[in-house]
Every structure is written in C-alpha cells, then in structure tokens.
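Undergrad: Read in my numbering, the sequence shown has 4 at position 4, and its numbers run on one by one without any break.
Please see the structure below; I have some questions.
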Amino acid sequence: MKIAVPTRDGVVDDHFGHCHHYTIYEIENGAIVDIEELPAPQGCGCKSGIAPLLAARGVEVMLAGNMGDGAKNVLNKCGIKTIRGCSGEVNNLVIEYLWGNIEDSGEHCDHHDCPTTKSDYTGLKLDL
1 MKIAVPTRDG VVDDHFGHCH HYTIYEIENG AIVDIEELPA PQGCGCKSGI APLLAARGVE
61 VMLAGNMGDG AKNVLNKCGI KTIRGCSGEV NNLVIEYLWG NIEDSGEHCD HHDCPTTKSD
121 YTGLKLDL
C-alpha cells in the first residue's frame with residue numbers, strides 16, 4: 001500500500017492544493033519500507049492532474065489537511081481514499097494512521113482561503 005501526504009517543511013500542508021510536494025510512503029506488513037517526494041504540480045488540487053499521477057504510482061490513501069470537495073471527488077474517482085483534517089509532522093501522522101488512530105474529519109473547504117482547526121498528531125518518535 002502507498003500513502004501520500006501533501007507536505008510543506010516536513011508537516012502536513014494546511015491546504016491540499018497549495019503544498020510544496022507530496023511525501024509518498026510505501027507500506028508493507030504494517031511498516032514503512034520506502035519514502036519518496038513527488039513535487040506538486042502548479043494549480044489547484046482538483047485541476048492540477050495530481051490525482052491520476054498519484055494513482056499511477058500506486059497511492060491508495062491521501063492523508064490531508066484541508067481539501068475542497070472537487071479535489072476529494074477527483075482523488076476518490078482515481079481510487080484514492082481521502083482522510084481530511086490531518087496535521088502535524090508527516091512521519092508521525094503516517095504511523096498514527098497505521099495504528100488506526102486517524103479518521104476523516106469531514107472538514108472541507110468551499111474556497112481557497114478558509115481556516116481549519118485540526119488535531120495535532122506530533123510527539124511520536126519515528127526511527128527510519
């Protein structure tokens with residue numbers, strides 16, 4: 001399984017469509033076996049073409065902060081499950097997800113400058 005996280009400076013970017021890159025984690029038997037970075041294309045998440053690109057790389061789950069319904073729908077149509085309302089350091093977030101501690105918040109963005117309130121999943125130590 002592969003998990004993608006919209007990332008900026010090592011943490012979940014507050015808005016899916018504005019991230020610097022996507023950190024992609026390859027998971028086998030519940031463990032992280034590889035981590036790669038995919039630069040984010042220009043444009044809004046739902047119009048950037050990132051969803052089919054991530055799907056072609058085998059991504060099955062997107063752990064994101066705030067995300068509009070357009071981006072969520074495009075990702076879902078490409079077979080990528082979306083989990084919204086995530087925040088914090090990306091490595092710790094993925095571990096929390098693998099432990100079953102992360103669920104979709106249902107938060108969505110109706111426009112590009114909306115504020116969000118998200119839980120912080122920092123504090124876990126991850127040795128890679």
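Glycine included, each C-beta is placed from N, C-alpha and C at the ideal position.
1. Below 6 Å CB to CB, which residues in the same chain sit around LEU75 once its five sequence neighbours on both sides are set aside?
2. Spatial neighbours of ILE102 within its chain, please: C-beta separation below 8 Å, excluding the five flanking residues on both sides.
3. State buried or exposed for ALA4, treating a residue as buried only when at least 16 other CB atoms are found within 10 Å of its CB.
4. Which residue wins for smallest C-alpha separation from PHE16, given the options GLY100, GLY49 and MET1?
5. Considering only the beta carbon of each residue, do GLY58 and GLU37 sit closer than 9 Å?
6. Find the nearest neighbour of ALA40 within the set ARG8, ALA31 and ILE32, judged by alpha-carbon distance.
7. Take ALA55 as the anchor and find which of TRP99, TYR22 and SER105 has the nearest alpha-carbon.
8. Assuming contact is defined by CB atoms lying nearer than 9 Å, are GLY98 and GLY10 in contact in what I supplied?
9. Would you kindly work out how many angstroms separate the C-alpha atoms of ASP67 and ASP14, rounded to a whole number?
10. Closer than 6 Å by C-beta to CYS78: which residues in its own chain qualify, once you throw out the five before and the five after it? Chain order, please.
11. Do you know offhand how far LYS2's Cα is from ASN73's?
TA: Reading from the atomic positions:
1. Excluding sequence neighbours, LEU75 sits near ALA51, MET62 and THR82.
2. Exclusion of the five residues before and after ILE102 leaves LEU63, ILE83, CYS86, LEU93, GLU96 and TYR121 as the residues of its chain whose Cβ lies within less than 8 Å of its Cβ.
3. Answer is buried; the Cβ neighbour count reaches 16.
4. Residue GLY49 holds the alpha-carbon nearest to the alpha-carbon of PHE16 among GLY100, GLY49 and MET1.
5. Contact flag unset, no.
6. The residue among ARG8, ALA31 and ILE32 with its C-alpha nearest the C-alpha of ALA40 is ARG8.
7. For ALA55, the nearest C-alpha among the options comes from TYR22.
8. According to the sequence as given, residue 98 is Leu; it is not Gly. No.
9. Before going further, note that residue 67 is Met rather than Asp in the sequence given. Looking at the two C-alpha atoms, the distance is approximately 9 Å.
10. Counting only Cβ-Cβ distances below 6 Å, and skipping sequence neighbours, we find ALA51, PRO52 and ALA55.
11. When rounded, the distance between both Cα atoms is 19 Å.
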